[in-house]
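S.K.:
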Ligand code: ARG
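Printed below as a string of structure tokens:
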């Protein structure tokens with residue numbers, strides 16, 4: 435039992451002693467303001483009304499009737515008949531110390547334990563991991579650790595974007611490099627950013643290359659062995675890159691937690707067929723869509739959610755439906771948590787609604803989007819480099835470490851360098867994570883190295 439409900443019992447007992455009525459709640463709640471104490475009991479006024487008596491006098495009698503309790507330092511009647519409760523600091527100190535000594539900090543294990551799938555981090559591999567993925571990664575990992583600490587069975591799902599049209603140009607560019615004799619994949623991809631920019635530029639300027647890229651998409655989806663092999667090499671290298679970032683950040687994700695978009699490829703035609711059989715699909719201009727009453731456009735017409743495009747291609751939503759089906763049907767999830775930024779709210783609401791209708795998620799499974807705001811630069815615009823590019827996650831982490839190193843060096847020039855490096859790592863990376871977790875999760879937040887590594891305030 436928690437402290438609040440224990441205090442509730444104490445005060446309710448006193449209320450019964452005074453009124454003879456055992457059904458009256460004391461209504462103990464945290465105090466509204468610190469100067470009122472720690473908790474307050476709000477139930478006396480209603481009890482006085484019922485007994486047609488003066489509430490302040492009744493409150494005085496209740497205070498007198500409270501059994502002596504080591505936890506309570508002071509009980510005071512306030513206003514029209516509130517009882518302010520101040521806890522005993524010595525008792526509180528001892529209680530907190532005892533918890534600190536306990537391995538579980540006095541927190542009981544969850545009962546019953548639940549199976550919880552947490553979908554987080556999920557970068558798109560056709561782009562370098564950028565700061566946009568930092569929040570999902572840090573917040574998601576904190577949630578996963580808390581749930582595990584509570585004893586739940588947690589399944590991490592890194593829903594990486596490893597499939598789709600962008601891979602056409604990547605494969606075309608890898609082939610081009612191989613033709614030039616550059617066959618060492620990890621060399622080619624040593625700087626992913628340079629790689630993407632070069633591929634994109636060719637795609638925009640060279641019609642032959644663009645044609646090859648488009649053909650690659652079809653070949654890859656058709657299971658062409660060469661395309662698949664190059665794609666696998668590319669994905670493996672990108673995954674290694676992400677894993678380095680996770681390790682640097684001490685994020686608990688491992689390659690085993692990767693459940694990428696491509697893992698659902700074989701399920702996509704099944705999902706379409708199944709939705710069709712359940713009568714949920716309608717054809718609209720050649721595409722197969724689900725129309726739901728609760729999603730309407732500005733004119734009030736039901737909005738179609740495309741499940742399969744004209745020409746047979748599948749969409750982001752189709753993969754997400756297959757994922758819900760797998761997480762509930764095969765993994766028997768009790769809860770699925772999506773740690774995805776707020777801009778995908780509509781997408782996830784649609785996926786959830788269709789999943790319920792199709793029976794992929796049973797009513798007792800809770801589907802939860804836990805959105806977060808975007809990270810912004812000092813100018814209040816999306817976070818960019820000085821030249822307007824997206825900030826690479828590795829650059830950001832290195833800058834945090836470097837700035838922390840300068841700070842330690844200024845404060846403690848006498849420390850040996852390896853020790854200063856070690857401190858800089860802990861402080862720099864810790865500051866990045868703390869700066870994120872200390873924010874109101876759903877607001878956009880302004881990223882500032884100066885504030886993050888400031889020696890004033892909470893940081
Ligand atoms: N890869 C996506 C992105 O970077 C996020 C995936 C979120 N998870 C999901 N199941 N849709 O925008």
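Numbering (our numbering), first residue to last: 435 to 893. Even for Gly, the Cβ is constructed at its ideal location relative to N, Cα and C. Just so we're clear, the structure is a prediction, and the values are computed from it rather than from any experiment.
Which one of 639, 474, 627, 714 has the shortest CA to CA distance from residue 437?
M.R.: It is 474.
S.K.: Just to confirm, does residue 774 get its C-beta within under 8 Å of one of the non-hydrogen atoms of the ligand ARG?
M.R.: Yes - the ligand ARG has a heavy atom lying nearer than 8 Å to the Cβ of residue 774.
S.K.: Assuming residue 770 and residue 783 form a contact by the criterion Cβ under 8 Å, report the distance between their Cβ atoms to the nearest whole angstrom.
M.R.: Going by Cβ atoms, the distance from residue 770 to residue 783 rounds to 14 Å, so no, they are not a contact pair.
S.K.: Say the cut is 8 Å; is the CB of residue 699 nearer than that to a heavy atom of the ligand ARG?
M.R.: Residue 699 Cβ: outside cutoff for every heavy atom of the ligand ARG.
S.K.: Where does residue 464 sit, in a helix, a strand or coil, going by DSSP?
M.R.: DSSP places residue 464 in strand when its eight states are reduced to three.
S.K.: Between the C-alpha atoms of residue 851 and residue 831, what's the straight-line distance to the nearest angstrom?
M.R.: Straight-line Cα distance between these residues: approximately 19 Å.
S.K.: Could you tell me whether any non-hydrogen atom of the ligand ARG is closer than 8 Å to the CB of residue 778?
M.R.: It does: the Cβ of residue 778 is within 8 Å (strictly closer) of some heavy atom of the ligand ARG.
S.K.: On the CB-based measure, 16 or more other CB atoms within 10 Å of its CB, does residue 889 come out buried or exposed?
M.R.: Residue 889 is exposed by the Cβ-count criterion.
S.K.: With a floor of 3 residues, list each beta strand (DSSP E) that falls wholly inside the stretch 527-573, ordered by position along the chain.
M.R.: Runs found: 549-553.
S.K.: Are the CB atoms of residue 886 and residue 860 nearer to each other than 9 Å?
M.R.: No; because the gap between Cβ atoms is not below 9 Å, this pair is not in contact.
S.K.: Any chance the stretch 539-552 sits against the stretch 563-583, with 3 or more Cβ pairs inside 8 Å?
M.R.: Result yes; three or more Cβ-Cβ pairs closer than 8 Å.
S.K.: Excluding sequence positions up to five away, which residues of its chain have a Cβ less than 6 Å from the Cβ of residue 470?
M.R.: 518.
S.K.: If you draw a straight line from the alpha carbon of residue 590 to that of residue 846, how long is it in whole angstroms?
M.R.: About 41 Å.
S.K.: Identify which residue in 613, 692, 603 has its Cα closest to the Cα of residue 651.
M.R.: Of 613, 692, 603, the residue nearest in Cα terms is 603.
S.K.: With a Cβ-Cβ cutoff of 9 Å, do residue 685 and residue 572 count as a contact?
M.R.: It is a contact, given that the beta carbons lie within the stated cut-off.
S.K.: Using a threshold of 9 Å, state whether the C-beta atoms of residue 623 and residue 696 are closer than that.
M.R.: No. Outside cutoff.
S.K.: Are there any heavy atoms of the ligand ARG lying less than 8 Å away from the beta-carbon of residue 567, as far as the coordinates show?
M.R.: Indeed, a heavy atom of the ligand ARG lies less than 8 Å from the Cβ.
S.K.: Is residue 587 helix, strand or coil when you go by DSSP?
M.R.: DSSP places residue 587 in strand when its eight states are reduced to three.
S.K.: What residue range is occupied by the uninterrupted beta strand (DSSP E) comprising residue 725?
M.R.: Note, residue 725: beta strand (DSSP E), 721-730.
S.K.: Output yes or no for whether 9 Å exceeds the beta carbon distance between residue 632 and residue 605.
M.R.: For residue 632 and residue 605, no; Cβs fall outside 9 Å.
S.K.: Let me confirm a value: residue 515 is counted as buried when at least 16 other C-beta atoms fall within 10 Å, else exposed. Which label applies?
M.R.: With 16 or more other Cβ atoms within 10 Å, it is buried.
S.K.: Of the choices 600, 512, 843, 727, whose alpha-carbon is the least far from that of residue 409?
M.R.: Missing from the structure shown is residue 409; the chain here goes from 435 to 893 and no further.
S.K.: Would you identify the three-state DSSP class for residue 773, choosing helix, strand or coil?
M.R.: The answer is coil: DSSP assigns residue 773 none of H, G, I, E or B.
S.K.: Quick check: what's the CA-CA separation for residue 464 versus residue 548?
M.R.: Whole-angstrom Cα-Cα distance: 29 Å.
S.K.: On the criterion of 16 or more Cβ atoms from any shown chain inside 10 Å, does residue 742 qualify as buried, or is it exposed?
M.R.: That one is buried.
S.K.: Considering residue 520, what are the terminal residues of the alpha helix (DSSP H) in which it resides?
M.R.: It is not in any alpha helix (DSSP H) - residue 520 instead sits in the beta strand (DSSP E) that spans 516-521.
S.K.: Would residue 835 and residue 863 be called neighbours here (beta carbons separated by less than 9 Å)?
M.R.: Yes.
S.K.: Taking the straight line between their C-alpha atoms, what separation do you get for residue 452 and residue 467?
M.R.: Rounded to whole angstroms, residue 452 to residue 467 spans 28 Å at the Cα level.
S.K.: Among 839, 881, 635, which has the Cα closest to the Cα of residue 568?
M.R.: Answer by Cα proximity: 881.
S.K.: Between which two residues does the beta strand (DSSP E) containing residue 680 stretch?
M.R.: It is not in any beta strand (DSSP E) - residue 680 instead sits in the alpha helix (DSSP H) that spans 659-683.
S.K.: My guess is that residue 826 and residue 564 are in contact by the Cβ rule of under 8 Å, so how many angstroms apart are they, rounded?
M.R.: That belief holds up - the Cβ atoms of residue 826 and residue 564 are roughly 6 Å apart, short of 8 Å.
S.K.: Near residue 875, what residues of its chain come up, given a Cβ to Cβ distance below 7 Å and the 5 sequence neighbours on each side ignored?
M.R.: Closer than 7 Å at the Cβ level, and outside the excluded window around residue 875, lie 573, 806.
S.K.: According to DSSP, is residue 797 helix, strand or coil?
M.R.: Coil at residue 797, not helix or strand.
S.K.: If residue 718 sits next to residue 747, beta carbons under 8 Å apart, how far is it from one beta carbon to the other, in whole angstroms?
M.R.: Wrong, their Cβ atoms sit about 15 Å apart, outside the cutoff.
S.K.: So residue 595 packs on residue 626, CB below 8 Å; how close in whole Å?
M.R.: Between residue 626 and residue 595 the Cβ distance is about 14 Å, and since that is not below 8 Å, they are no contact.
S.K.: DSSP puts residue 475 in a beta bridge; with which residues?
M.R.: Answer is 462, 517.
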